[in-house]
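Report on the following structure.
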Amino acid sequence: MFFSFRFRNKTVKELRKNRGYTANELAQKARVKPSIIHRVDNTPLKNVPEPLYSKLLPVLRGDEVDKAPWL
Numbered sequence: 381m382f383f384s385f386r387f388r389n390k391t392v393k394e395l396r397k398n399r400g401y402t403a404n405e406l407a408q409k410a411r412v413k414p415s416i417i418h419r420v421d422n423t424p425l426k427n428v429p430e431p432l433y434s435k436l437l438p439v440l441r442g443d444e445v446d447k448a449p450w451l
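Numbering (the working numbering), first residue to last: 381 to 451.
In structure tokens, the structure reads:
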């Protein structure tokens, strides 16, 4: 909840670089085409269309790190 308020004005590229992902890695984790990530790379997160926003948010927030099989 607090993630969306703090980082909504940052661009997708800034958030992606903070997590250490390339555009192709982010596309693979979000299960979208890399060309879509390149298209919205310089857009603020709040301006990303809704179906893509809901796919990108958990990846950029780091939710997939909590799904480690050894935890």
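C-beta atoms are modelled at their ideal positions from N, C-alpha and C, and glycine is treated no differently.
Membership of residue 424 in any alpha helix (DSSP H) is not indicated, and neither H nor E is assigned to it by DSSP. A Cβ-Cβ contact shorter than 8 Å links residue 442 with residue 399. About 5 Å separates the CB atoms of residue 439 and residue 409; that is less than 8 Å, so the two are in contact. If the five residues before and after residue 404 are omitted, its C-beta is found closer than 6 Å to the C-beta atoms of 414, all from its own chain and listed in chain order. Its Cα nearest to that of residue 386, the residue 426 stands out among 406, 430 and 426.
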